[in-house]
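S.K.: I have a structure here, written as structure tokens, and I will follow up with some questions on it.
If you want it as structure tokens, here you go:
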């Protein structure tokens with residue numbers, strides 16, 4: 001049975017919000033990673049990579065807000081601190097400035113991680129009948145899989 005944010009149990013809301021906060025955290029860390037790479041990429045593929053990293057961070061900035069607003073619709077706390085996001089995220093910050101191919105590899109891995117995390121959050125939402133959260137997670141997962149494909153194509 002389909003549930004709305006208001007009809008979900010407290011336990012379901014807590015679990016779904018926690019899963020979404022993981023998504024917010026990984027999206028935020030990946031946003032900064034993409035912005036860092038956008039600013040610092042060099043080499044023969046500078047133009048296309050500069051543009052791709054910009055497309056990624058602009059997309060992710062909006063996605064963070066969509067995910068956090070869904071958490072708030074569930075009447076839960078949305079993680080809003082950098083420290084909290086770094087603690088939750090499976091995507092790590094990068095020290096220094098990697099070479100362009102390493103940037104691509106790291107961003108591809110971040111996109112794959114996000115797709116997996118969103119798939120898990122979507123499955124959890126589906127178990128509780130929260131189709132709105134499930135749909136959000138599916139749509140975001142598709143976007144991350146597309147970005148991962150773009151990045152894999154650069155590595156071939």
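In the UniProt record's numbering, the protein residues as written are 1 to 156.
Glycine included, C-beta positions come from ideal geometry on N, C-alpha and C.
#1: Taking 8 Å as the limit between beta carbons, can you name the residues of its chain near residue 70, skipping five residues before and five after?
#2: If distances are taken between C-alpha atoms only, which option among 73, 12, 100 comes closest to residue 34?
#3: May I have a chain-ordered list of the beta strand (DSSP E) segments no shorter than 3 residues that lie completely inside the segment 13 to 101?
#4: Give every residue of the same chain whose Cβ lies closer than 6 Å to the Cβ of residue 67, excluding the five residues on either side of it in the sequence, and list them in chain order.
#5: Please name the residue, chosen from 125, 143, 154, 95, that lies closest to residue 27 on a Cα-to-Cα basis.
#6: Please report the residue range of the alpha helix (DSSP H) in which residue 153 lies.
#7: Between which residues of its own chain and residue 63 is the CB-CB distance below 8 Å, once the five residues before and five after are set aside?
#8: Taking Cβ positions, are residue 74 and residue 108 nearer each other than 7 Å?
#9: Which whole-angstrom value describes the C-beta separation of residue 30 and residue 82, a residue pair presumed to lie in contact below a C-beta threshold of 8 Å?
#10: In three-state terms, what does DSSP make of residue 114?
#11: Rounded to whole angstroms, what's the CA-CA distance from residue 57 to residue 17? Just pull it up for me.
#12: Can you find the residues in the same chain that come closer than 6 Å, C-beta to C-beta, to residue 61, ignoring five residues on each side of it along the sequence?
#13: By alpha-carbon positions, which one of 111, 97, 80, 79 ends up nearest to residue 91?
#14: Where residue 138 and residue 46 are concerned, what is the direct C-alpha to C-alpha distance, given to the nearest angstrom?
M.R.: Judging by the given coordinates:
#1: Closer than 8 Å at Cβ, skipping near neighbours: 20, 132, 133, 136.
#2: The shortest C-alpha separation from residue 34 is found at 100.
#3: Scanning the segment 13 to 101 for uninterrupted beta strand (DSSP E) segments of 3 residues or longer gives nothing; none is fully contained.
#4: If the five residues before and after residue 67 are omitted, its C-beta is found closer than 6 Å to the C-beta atoms of 20, 23, 24, all from its own chain and listed in chain order.
#5: Cα-wise, what sits closest to residue 27 is 143.
#6: For residue 153, the enclosing alpha helix (DSSP H) starts and ends at 131 to 155.
#7: Around residue 63: 27, 140, 143.
#8: Inclusion of residue 74 and residue 108 in the CB contact set at 7 Å is not warranted, their separation being larger than that value.
#9: Rounded to whole angstroms, the Cβ separation of residue 30 and residue 82 is 13 Å, and the two are not in contact under 8 Å.
#10: In the three-state DSSP reduction, residue 114 falls in the helix class (H, G or I).
#11: Each residue's alpha carbon lies about 23 Å from the other.
#12: Here residue 61 has 31 as same chain residues with Cβ atoms under 6 Å from its own Cβ, once five neighbours each way along the sequence are excluded.
#13: Restricting attention to 111, 97, 80, 79, the CA atom closest to the CA of residue 91 is found in 111.
#14: Here the alpha carbon of residue 138 sits roughly 31 Å from the alpha carbon of residue 46.
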